[in-house]
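Counted from 1, the sequence shown has number 156 at position 156 by my numbering; the numbering is strictly sequential. Backbone N, C-alpha and C fix where the C-beta goes; we use that ideal spot for every residue, glycine too. Written below as structure tokens is the structure these notes are about.
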Amino acid sequence: MNREDFRQMMKVINNYLKSEEELESFYEINFDPDKKTIPVTTIATPSSCKVQLAFKVYFGAKFQSNEKMLLGTKLHEGLIEIIKNHWEEITENTSKLENINPEFEKPLEYSLENGWTLVGRADMVLGDEIYEFKFKDTKGYDKFDSSDSDFGTQVAVEQLNAYLHIYDDAKIGFIWTFNIDDFGNPGKHKQMKPKVVYKNEKMFEETIQKANIVISIIEKLKNGKLPENDILQERLRLKKAKKLWMCKSCHFLAICKYVEKKNML
Ligand code: SF4
């Protein structure tokens, strides 16, 4: 199915959406039928719907960023630049870092089934340590690492755990989380929450299993078929888990409703 076919299909089921303009505002589509890479950042989302992940990867769909997300991206780039440009200063009185050459945005790859590759970029690698930087608004910052069930924490941990397994030399990881809202207030002390992440073999196996299920769904789409059974199964699973609320805000709900309706006829 190419991008035009996708648009046609969405037009047919567009009665579930308010207007085509709304569809345009949902997506930035970078469709590449030959693409065989899955980003760690897409797959490392605990309990997410596999069909949603498959649609995201297959259509290269990016959702529009709000102002805070854009600011977070800029601050993220800025932090890396600061560490890079001031490395000598930073290491001047730190014997532990003396002979370590930092690597920034280190590309990482892991081979999956059928020629697919799991790809990611670790923010900073210092010897056998990997660092990830996160920028969150006050709500996300306060919730981060406050409980095992915080979604933002789970996502960040699963992502870093994948990097720790993909990069053979890695032993331990650190997530540094900053509060974006502090940066709009020059006089305010910038808060940062550090979190240590240890390698978790079982979690990585689950990440890989999830990636392989997502690949199997994408392969169906590549063969021009809607993954109807997967959609029906995921809808049922979410319903049983009382998580249908996830579907309400999902950009692909129109497709799943279309499949459900078709199978009820
Ligand atoms: S609407 Fe629900 S079942 Fe369909 S892709 Fe989205 S989250 Fe998954």
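| query | result |
| --- | --- |
| Excluding sequence positions up to five away, which residues of its chain have a Cβ less than 6 Å from the Cβ of GLU109? | THR117 and VAL119 |
| Give a yes or no on whether the minimum CB-CB distance between LEU232 and chain D is below 8 Å. | Of the protein chains in the structure, only one exists, and it is not chain D. |
| For GLU22, which three-state DSSP category applies? | Unreliable placement is indicated for GLU22, whose pLDDT of 47 sits below 50; the coordinate value is still reported in the next sentence. Reduced to three states, the DSSP call for GLU22 is helix. |
| How is ALA170 classed by DSSP in three states: helix, strand or coil? | coil |
| Taking the straight line between their C-alpha atoms, what separation do you get for ALA156 and ILE217? | 25 Å |
| Give the DSSP-derived three-state secondary structure of ASN212 in the structure shown. | helix |
| From ASN263 to LEU232, what distance separates their C-alpha atoms? | 9 Å |
| Residues in the same chain with beta-carbon distance under 6 Å from LYS195, minus the five sequence neighbours each way, listed in chain order, please. | ASP145 and ILE175 |
| Nearest-angstrom Cα distance between PHE252 and GLU92? | 52 Å |
| Report the rounded CA-to-CA distance for ARG235 versus LEU53, giving the unit in angstroms. | 14 Å |
| Does the beta-carbon of ILE218, which I'm using as the reference point, lie nearer than 7 Å to any heavy atom of the ligand SF4? | no |
| When the distance is taken between beta carbons, is LEU75 closer than 8 Å to PRO102? | no |
| Closer than 7 Å to a non-hydrogen atom of the ligand SF4 - does that hold for the CB of GLU260? | no |
| If you follow the beta strand (DSSP E) that ILE38 is in, where does it begin and where does it stop? | 37-39 |
| Going along the chain, which unbroken runs of the alpha helix (DSSP H) with 4 or more residues stay wholly within the region 98-143? | 138-143 |
| Can you tell me whether PHE197 sits near the ligand SF4, meaning its C-beta is under 7 Å from at least one heavy atom of the ligand? | For the record, residue 197 in the displayed sequence is Val; it is not Phe. Incorrect: VAL197 has no Cβ contact closer than 7 Å to the ligand SF4. |
| Is LYS257 helix, strand or coil by DSSP? | helix |
| With 16 other CB atoms within 10 Å as the buried threshold, where does TYR58 fall? | buried |
| Going by C-alpha distance, which of ASP230, SER147, ILE180 and LYS261 is nearest ALA49? | Checking the sequence, you will find Cys at residue 49 rather than Ala. The residue with the shortest Cα to Cα distance from CYS49 is ASP230. |
| Kindly examine the ligand SF4 and report whether one of its heavy atoms sits closer than 7 Å to the Cβ of ARG121. | no |
| Between LYS134, TRP87, LYS96 and LYS35, which has its C-alpha nearest LYS68's C-alpha? | LYS134 |
| According to DSSP, TYR198 sits in a beta bridge with which residue or residues? | ILE172 |
| Under 7 Å: does the beta carbon of ILE213 sit that close to some heavy atom of the ligand SF4? | no |
| Quickly, what does DSSP pair MET192 with across the bridge? List them, please. | PHE178 |
| Would you kindly work out how many angstroms separate the C-alpha atoms of LYS243 and PHE204, rounded to a whole number? | 24 Å |
| For ASN67, report the span of its alpha helix (DSSP H) as first-last. | Asn is not the amino acid found at residue 67; the sequence shown has Glu there. 67-85 is the span of the alpha helix (DSSP H), which, as asked, contains GLU67. |
| What distance in whole Å lies between the Cβ atoms of HIS165 and LYS199, which are believed to be in contact at a cut-off of 8 Å? | 7 Å |
| Using the rule of at least 16 other Cβ atoms within 10 Å of the residue's Cβ for burial, across every protein chain shown, is THR153 buried or exposed? | buried |
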